[in-house]
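**Q** Quick note, the sequences are listed as chains A and B, same order. So the mapping is simple: the numbering used here equals the position in the first sequence, first residue as 1, plus 651. So the mapping is simple: the numbering used here equals the position in the second sequence, first residue as 1, plus 1. For each residue, glycine too, the CB sits at the ideal point set by N, CA and C.
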Amino acid sequence: MAGVTAYSPSADIELRPAQREPWWVRFLLIGGALLVLTVLLLLPLLTVFAEALRRGWEIYVAALSEPDAKSALKLTITVAAIVVPLNVIFGLAAAWLVTRFNFRGKSLLVTLIDLPFAVSPVVAGLIYVLLFGAHGWFGPWLQAHDIKIIFATPGLILATIFITFPFVARELIPVMQSQGSDAEHAALTLGASGWQTFWRVTLPNVKWGLFYGIILCNARAMGEFGAVSVVSGHLRGVTNTLPLHIEILYNEYQFAASFAVASLLALLALVTLIAKSFLENRLES
Amino acid sequence: MSIIAQHVCKSYGRYAALDDVSVEFHTGKLVALLGPSGSGKTTLLRILAGLEVPDDHPRLSVRFGDRDVTNLKPGDRGVGMVFQHYALFRNMTVFDNIAFGLTVKPRARRPARDEIRKRVERLLELVQLEAFGRRYPHQLSGGQRQRVALARALAIEPQVLLLDEPFGALDAKVRKDLRRWLRQFHDEMGITTIFVTHDQEEALELADEIVVLNQGRIEQSGEPQAIYDEPGTAFVCEFLGNVNRLDGWRDHHGPVYVRPHEVEVGFAADEGIQTTAKVSHLFAAGPIARLNLRLNDGRFVDAEISRSQLETMALDEGDEVGLRFRNTRRFREE
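#1: In angstroms, rounded to a whole number, what distance separates the CA positions of residue 799 of chain A and residue 865 of chain A?
#2: With DSSP run on the structure shown, which of helix, strand or coil describes residue 8 of chain B?
#3: Report the neighbours of residue 82 of chain B on chain A: residues whose CB is nearer than 7 Å to its CB, in chain order.
#4: Which term fits residue 312 of chain B, buried or exposed, when burial requires 16 or more other beta carbons within 10 angstroms of its beta carbon?
#5: For residue 12 of chain B, which of B:218, B:94, B:188 and B:293 has the nearest alpha-carbon?
#6: Between A:917, A:923, A:832 and A:826, which has its C-alpha nearest residue 693 of chain A's C-alpha?
#7: Using a Cβ-Cβ cut-off of less than 7 Å, list which residues of the segment 62–90 of chain B approach chain A; keep chain order.
#8: What does the Cβ neighbour count give for residue 853 of chain A, buried or exposed, with the cut at 16 atoms within 10 Å?
#9: May I ask you to list, following chain order, the residues of the segment 47–59 of chain B that have a beta carbon less than 9 Å from some beta carbon of chain A?
#10: For the segment 94–107 of chain B, which residues have a CB atom closer than 7 Å to at least one CB atom of chain A, in sequence order?
#11: Tell me whether the segment 230–249 of chain B and the segment 66–76 of chain B touch, counting them as touching only if at least three CB pairs, one residue from each stretch, are closer than 8 Å.
#12: Take every Cβ of the segment 701–710 of chain A, pair it with every Cβ of the segment 864–880 of chain A, and state whether three or more of those distances are shorter than 8 Å.
#13: Distance, Cα to Cα, residue 236 of chain B vs residue 144 of chain B?
#14: In this structure, how does DSSP classify residue 35 of chain B when only helix, strand and coil are distinguished?
#15: In terms of residue numbering, what span does the beta strand (DSSP E) encompassing residue 290 of chain B cover?
#16: Determine the direct distance from the alpha carbon of residue 805 of chain A to that of residue 729 of chain A, and round the result to whole angstroms.
#17: Which term fits residue 23 of chain B, buried or exposed, when burial requires 16 or more other beta carbons within 10 angstroms of its beta carbon?
#18: Would you kindly work out how many angstroms separate the C-alpha atoms of residue 189 of chain B and residue 162 of chain B, rounded to a whole number?
#19: List the endpoints of the continuous beta strand (DSSP E) containing residue 221 of chain B.
#20: Closer than 7 Å by beta-carbon distance: list the chain B residues that pair up with residue 889 of chain A, in chain order.
#21: Would a check of beta-carbon distances place residue 817 of chain A closer than 8 Å to chain B?
#22: Are the segment 264–273 of chain B and the segment 323–335 of chain B touching, with three or more C-beta to C-beta distances below 8 Å?
#23: Taking only three categories from DSSP, how would you classify residue 74 of chain B?
#24: Using only the alpha-carbon positions, how far apart do residue 660 of chain A and residue 174 of chain B sit?
#25: Hey, is the segment 896–915 of chain A in contact with the segment 104–122 of chain B, meaning 3+ C-beta pairs nearer than 8 Å?
#26: Flag residue 834 of chain A as yes if its beta-carbon sits less than 8 Å from any beta-carbon of chain B, otherwise no.
#27: What did DSSP end up calling residue 711 of chain A once you bin it into helix, strand or coil?
#28: Can you tell me which residues form a DSSP beta bridge with residue 282 of chain B?
#29: For residue 746 of chain A, would you say it is in contact with chain B, using Cβ-to-Cβ distances shorter than 8 Å as the test?
#30: Quick one: grab the DSSP three-state call for residue 82 of chain B.
#31: Do residue 833 of chain A and residue 86 of chain B have their beta-carbon atoms positioned less than 8 Å apart in this structure?
#32: Quick one: does residue 920 of chain A have its CB under 8 Å from some CB of chain B?
#33: Which residues of the segment 841–861 of chain A have a Cβ closer than 7 Å to any Cβ of chain B? Give them in chain order.
#34: Can at least three beta-carbon pairs, one atom from the segment 142–160 of chain B and one from the segment 94–107 of chain B, be found at a separation below 8 Å?
#35: What residues from the segment 141–161 of chain B come within 9 Å of chain A, judged by C-beta to C-beta, listed N to C?
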């Protein structure tokens, strides 16, 4: 194309003065953002570790190896290990339903998927108490059959499933929507069964989005406080998860121990964040 | 293998995408399903593939040869389908894409690994992509992807090949090459092929037969020349090729249609002319000169004349000419 010069953004990355804000505007905006980040995020994170280690490494290790702390960690991991796989299945099914089919009530379903985001976790916990608690709808029947849900692990699992339900589905729906169903249809015309199509075409195409959803779901499942607090009953060494254990220690003025356990949870969160940013890079490429 | 579809209806809510369509596609032909967007052509193709389920009709049937496939799943119909945007499996190499239809067969009918490799290599050769087996789809150009999609569809040795807007996403030059290639390819394979297009030029140039669809109904079907020369409805006449539409020409009721190449251009003083006109625009780039003419009653018509006639008449914009319409068409009012 004679006479037409292609515009290449990389060639003149140096902005002309007319395209640049005055120095003090840039200084205020960037400085303000850094200040907010430091005060609201960085300092609290550092405090957690500083407080945890303030009374020495031995106290720190003792706080983590104490039986109640161990049991809380075990329970937290157990709950996450049950909740995350279930929500992967639910999330895949919901995303598949929403993106591949048209049916009456679809927008209602999409709204329901988002419900846990909108409802306060405490309310979510109360719903389960009202349903399965001793005086709840199913309470008498459950008692007659000697099934314990509230103030027991099943209640923790139910409440956590509810709270973390949207994460996988919400990650998958846009990915599956943008990919469309042509590849799956192609697989079907080539003679693949529904199962083969799912494993060989659908799943590989959404795998990074799925991992991303799993990580978010897992982070929330381990960190959830409100809903779990309502259904747990705070039985030490039995129904206390890590966040609940931290609260109890704190309320008993055992600050070093409380921060030590908190640092464990913070470490879990940091690992999650690193994995998440790694996945984000993969998703973009 | 011939394909006969009868009483095919499909509505989405209150919108009828196909309104009781019955059509036959003859064995070994390359047939174009031609129509504007929303005419139902892709829906019909997808119903033939089994990807859409037609609405109930007491005499609904879809037959491939003597096989009734109305209630068969897509994978059991033996169709090769090529999608508009290729729909290649992005997570697989070109080789694995083409092998897919063979590797998903139940173990009893699945060819041995060596046999699959040989067949895929043959197909790669057929679509002239021998060196590309280990690439991924995103490393290929549009035309190459399209050929991979075709090879993948052919791997299952389909009896029918269905192509949805096969050249829609390609640029003009590649489109032309691939069109010619598909024509040759079809002539060698002799497999009944149906392709969907909204491009009348593509349909006229490539197909043995054309089925023209409009608003969920078949307007006309037949050989390209027959449809072009003898359009059965005003829609077909306007949709296939360029045409001038003159409302109420010479006291006729309703519109009269004249194709640009059927407008004879002479001098204003010639004998037998029907009207005079002024040359308003003149486009002479290409083998044929196109004239935009303003009739003496103020309406415009397009005419096509050869370059040599343009030169002998020494026409220029603003000149006065005499016109005769060699062939006019009128259609029953809808």
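**A** So, to answer that:
#1: 28 Å
#2: Reduced to three states, the DSSP call for residue 8 of chain B is strand.
#3: 837 and 840
#4: exposed
#5: Proximity to residue 12 of chain B across B:218, B:94, B:188 and B:293 peaks at B:218, based on C-alpha coordinates.
#6: The residue from A:917, A:923, A:832 and A:826 with its alpha-carbon nearest to that of residue 693 of chain A is A:917.
#7: 75, 76, 80, 82, 84, 86, 88 and 90
#8: buried
#9: So the close ones are 47, 50, 51 and 52.
#10: 101, 102, 105 and 106
#11: no
#12: no
#13: 32 Å
#14: strand
#15: 289–296
#16: 11 Å
#17: exposed
#18: 14 Å
#19: 218–223
#20: Those within 7 Å of residue 889 of chain A in chain B number zero; the least Cβ separation is about 46 Å.
#21: No, residue 817 of chain A does not count as interfacial toward chain B.
#22: yes
#23: coil
#24: Low local confidence applies: a pLDDT of 49 at residue 660 of chain A is under 50, so the model's placement there is unreliable, and no value is given.
#25: Using a C-beta cut-off of 8 Å, the segment 896–915 of chain A makes no contact with the segment 104–122 of chain B, since fewer than three inter-stretch Cβ pairs fall below that distance.
#26: Closer than 8 Å to some Cβ of chain B, the Cβ of residue 834 of chain A qualifies, so yes.
#27: Residue 711 of chain A: helix per DSSP, three-state reduction.
#28: B:293
#29: no
#30: strand
#31: It is a contact, given that the beta carbons lie within the stated cut-off.
#32: no
#33: 841, 842, 843, 847, 852, 855 and 856
#34: yes
#35: 150, 153, 154, 156, 157 and 159
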